[in-house]
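I have placed the structure first, in the form of structure tokens, so that the comments after it can refer back to it.
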Amino acid sequence: MKRIVRAPAKLNLGLDTPFTHPDGTIEWRMVMTSIGLSDHVQVETNHSEMIQIISDSGFLPNDKRNLAYQAAHLFLQETGITSGLTIKIKKRIPVAAGLGGGSSDAAAVLRALNEMFMTHLSLEEMARLGLQIDSDVPYCVYGRTALVSGRGEIVTPLKPLPKMWFVLAKPNVSVSTPRILRRLRYSRINHPEIDQLLAGIAQQNYHQIVANLGNTLEPITAASHPQIRIIKDRLLKYGADGSQMSGSGPTVFGVCRSESRAKRIYNSISGFCHEVYVTQPTCHDN
Ligand code: ATP
Numbered sequence: 001m002k003r004i005v006r007a008p009a010k011l012n013l014g015l016d017t018p019f020t021h022p023d024g025t026i027e028w029r030m031v032m033t034s035i036g037l038s039d040h041v042q043v044e045t046n047h048s049e050m051i052q053i054i055s056d057s058g059f060l061p062n063d064k065r066n067l068a069y070q071a072a073h074l075f076l077q078e079t080g081i082t083s084g085l086t087i088k089i090k091k092r093i094p095v096a097a098g099l100g101g102g103s104s105d106a107a108a109v110l111r112a113l114n115e116m117f118m119t120h121l122s123l124e125e126m127a128r129l130g131l132q133i134d135s136d137v138p139y140c141v142y143g144r145t146a147l148v149s150g151r152g153e154i155v156t157p158l159k160p161l162p163k164m165w166f167v168l169a170k171p172n173v174s175v176s177t178p179r180i181l182r183r184l185r186y187s188r189i190n191h192p193e194i195d196q197l198l199a200g201i202a203q204q205n206y207h208q209i210v211a212n213l214g215n216t217l218e219p220i221t222a223a224s225h226p227q228i229r230i231i232k233d234r235l236l237k238y239g240a241d242g243s244q245m246s247g248s249g250p251t252v253f254g255v256c257r258s259e260s261r262a263k264r265i266y267n268s269i270s271g272f273c274h275e276v277y278v279t280q281p282t283c284h285d286n
């Protein structure tokens with residue numbers, strides 16, 4: 001048996017951290033959207049009793065540290081199925097970039113296995129399993145555009161975004177999410193207007209969405225990596241209507257309405273930045 005599934009990257013249009021729970025986990029309030037930039041994940045049964053990970057990226061662990069491995073292991077444990085699995089990952093999403101590539105691969109494995117073995121786990125059940133791997137996996141099980149709250153487990157699907165294009169620019173630096181989260185100082189946070197952002201999506205109001213982008217982690221990451229502010233300013237200068245860092249960074253995205261504008265921004269920013277992509281909102285089953 002074999003399945004090939006697409007694992008889209010995510011962007012945080014809004015990211016707020018209202019508080020930290022007594023156990024040290026973060027309470028999130030995030031507006032996320034899936035984008036066309038995707039990994040391709042092939043899951044196939046094999047005759048061993050092992051989970052084997054093969055990827056075309058030199059940056060990924062191929063053992064139980066890989067989030068796709070963890071998803072397969074949890075699925076087999078939860079369902080009681082015994083099977084060897086070979087998981088091949090064509091990595092297109094930059095690693096440790098704030099684009100949720102590892103979480104999306106994990107969610108793709110859960111969806112693929114659920115289909116292959118006809119186990120009929122609901123989205124809620126897969127999201128609950130995924131939460132044991134990373135706080136972004138429940139969202140990635142749903143994909144599309146959603147409000148994510150709690151520790152990542154409360155996923156409320158939203159209307160699709162109105163037509164818009166994203167230009168992503170990833171500076172050549174690595175960011176550790178746990179290190180950024182340890183630097184959160186609640187007294188210094190400027191909380192983004194998530195409710196206004198949600199209203200913009202509900203009303204399909206492009207300008208209201210763009211005006212209410214916000215990410216509490218951006219100033220923390222930008223304090224160590226000044227390239228982030230420089231790229232953000234350039235994206236705006238080259239014609240983006242809004243610009244922001246995704247997740248804990250370092251990828252910055254610019255938003256605009258038309259493909260031709262997005263391509264112009266892409267051409268202008270390419271000279272300054274290591275990796276640049278033009279993409280649109282998507283969902284994982286198209
Ligand atoms: P987050 O913000 O959720 O930490 P990210 O988008 O910044 O995620 P990822 O690309 O998901 O970053 O990688 C985060 C870490 O997870 C890296 O250290 C990477 O080695 C590890 N990892 C494990 N499995 C994978 C995978 N399948 N794809 C990408 N990274 C993976």
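So in the UniProt record's numbering the end of the sequence shown lands on 286, straight run, no missing numbers.
Where is the CB? At the ideal position from N, CA and C, for every residue including glycine.
Remember, it's a predicted structure, so these values are computed and weren't measured experimentally.
- Two segments are said to touch when three or more pairs of C-beta atoms, one from each, lie closer than 8 Å; by this definition the stretch 24-43 touches the stretch 81-98.
- According to the DSSP assignment, Tyr266 belongs to the alpha helix (DSSP H) that extends over Glu259 to Ser270.
- Distance between Gln52 and Asp63, taken at the CA atoms: about 8 Å.
- Leu168 and Val252 have their C-alpha atoms roughly 6 Å apart.
- Here Asp233 carries a helix assignment [DSSP, helix/strand/coil].
- Distance from the C-beta of Val95 to the nearest heavy atom of the ligand ATP is below 7 Å.
- Here Lys170 is buried, its C-beta having at least 16 other C-beta atoms within 10 Å.
- Under the three-state reduction of DSSP output, Asp39 falls in the strand class.
- The residue from Arg151, Ser243 and Pro281 with its alpha-carbon nearest to that of Pro22 is Arg151.
- In the structure shown, Ser176 adopts coil according to DSSP, grouped into three states.
- In the structure shown, Pro18 falls within a strand segment according to DSSP collapsed to helix, strand and coil.
- The C-alpha of Leu158 is placed about 10 Å away from the C-alpha of Gly143.
- Under the rule that a run must span 4 or more residues, the alpha helix (DSSP H) segments found entirely inside the stretch 34-82 read 67-79.
- Note on geometry: alpha-carbon atoms of Arg264 and Ala240 lie some 10 Å from one another.
- Contact between Pro250 and Ala97 is confirmed by a C-beta separation of about 7 Å, below the 8 Å threshold.
- With respect to Asp136, Ser103 sits close: the two C-beta atoms are nearer than 8 Å.
- Linking Trp28 to Thr20 through their CA atoms gives a straight-line distance of about 9 Å.
- Boundaries for Tyr186: no beta strand (DSSP E) harbours it, and the DSSP string shows neither H nor E there.
- By the Cβ neighbour-count rule, Lys237 is exposed, with fewer than 16 other Cβ atoms within 10 Å of its own.
- Between the stretch 200-208 and the stretch 218-237 there are fewer than three inter-stretch CB-CB distances shorter than 8 Å, so the stretches are not counted as touching.
- Ile180 is classed as buried because its beta carbon has at least 16 other beta carbons within 10 Å across all chains shown.
- Nearest in C-alpha terms to Ser258, of all of Arg183, Ile220, Ala199 and Phe166, is Phe166.
- Val255: member of the beta strand (DSSP E) spanning Val252 to Cys256, first to last residue.
- Distances between the C-beta of Leu181 and the heavy atoms of the ligand ATP are all 7 Å or more.
- Taking 8 Å as the cut-off, the Cβ atoms of Thr119 and Ser83 do not count as close.
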